[in-house]
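Below is one structure; the comments refer to it alone.
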Amino acid sequence: MAALHEQQNTIFISSSVEQEMSKHMYDSLPQEACGVVLGEAAAGGIRISRFQPIRNVAPNPLHHFSLDEEEWIRCIFNEPQLIGIFHSHPRTSPVPSHQDLMALPAYAELIKVYLIGTPALTSKSEPCMHLNGYEILYKVEDPSKSNQQKCYDVQPAQLRMT
Numbered sequence: 068m069a070a071l072h073e074q075q076n077t078i079f080i081s082s083s084v085e086q087e088m089s090k091h092m093y094d095s096l097p098q099e100a101c102g103v104v105l106g107e108a109a110a111g112g113i114r115i116s117r118f119q120p121i122r123n124v125a126p127n128p129l130h131h132f133s134l135d136e137e138e139w140i141r142c143i144f145n146e147p148q149l150i151g152i153f154h155s156h157p158r159t160s161p162v163p164s165h166q167d168l169m170a171l172p173a174y175a176e177l178i179k180v181y182l183i184g185t186p187a188l189t190s191k192s193e194p195c196m197h198l199n200g201y202e203i204l205y206k207v208e209d210p211s212k213s214n215q216q217k218c219y220d221v222q223p224a225q226l227r228m229t
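The opening residue of the sequence shown carries number 68 in the working numbering; numbering runs sequentially from there.
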């Protein structure tokens, strides 16, 4: 049985940051949008204070995302408050796909949260989205083995707009 380390946190996100992510998602349609979220982790939750769009360079951006390597590296080294990744699912629900989970090890050690948005069909004039938040978890399959490959998973987290 896998042991999961970490406890579930609440993710607090300001409505202005959520609106920026939603606008980027709608501007990117029909392709998947992506970017990073900046903030801080503290007792009782993770606070997201900024969103930085990153260009999607996936070979098939209608169905997948891949962060532009140059922009991603710049964020890693220049953004001390890098806390997570955002991407959209333009035609499916905002839950991690199999491919999302397979790509997770590429950046899981650097982030704490994983956000996925999908367009919301409403009568509002402002673009809005359904947004789900996930906490990154490190799984230890067998604690007695020291040379095992790192495994990551996501766990739904409570998302609160501020």
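Even glycine gets a Cβ: it sits at the ideal position worked out from N, Cα and C.
Reduced DSSP secondary structure (H/G/I, E/B, other) of residue i
i: residue 82; result: helix
i: residue 129; result: coil
i: residue 172; result: helix
i: residue 72; result: Since pLDDT at residue 72 reaches only 41, below the 50 mark, its modelled position is unreliable, and the value read off the structure follows with that caveat. Reduced to three states, the DSSP call for residue 72 is strand.
i: residue 119; result: strand
i: residue 156; result: coil
i: residue 206; result: strand
i: residue 177; result: helix
N-terminal and C-terminal residue of the alpha helix (DSSP H) that residue i is part of
i: residue 141; result: 136-145
Nearest-angstrom Cβ-Cβ length linking residue i and residue j, presumed shorter than 8 Å
i: residue 114; j: residue 107; result: 6 Å
i: residue 102; j: residue 86; result: Rounded, the Cβ-Cβ distance is 14 Å, inconsistent with contact.
i: residue 230; j: residue 134; result: Missing from the structure shown is residue 230; the chain here goes from 68 to 229 and no further.
i: residue 92; j: residue 184; result: 5 Å
i: residue 155; j: residue 99; result: 5 Å
i: residue 204; j: residue 182; result: The Cβ separation is near 15 Å, so there is no contact.
i: residue 225; j: residue 78; result: 7 Å
i: residue 89; j: residue 196; result: 5 Å
i: residue 186; j: residue 157; result: 6 Å
i: residue 105; j: residue 146; result: 6 Å
Residue i - containing beta strand (DSSP E), residue span
i: residue 222; result: 218-228
i: residue 102; result: 101-109
Per DSSP, cross-strand counterpart(s) of residue i
i: residue 113; result: 78, 108
i: residue 197; result: 185
i: residue 96; result: DSSP lists no partner for residue 96.
**Item:** Inter-stretch contact (C-beta, 8 Å, three-pair minimum) for the region 172-182 and the region 137-157
**Value:** yes
**Request:** Spell out a yes or no on whether the region 219-226 and the region 154-172 are touching, meaning 3 or more CB-CB pairs, one atom from each, closer than 8 Å.
**Result:** yes
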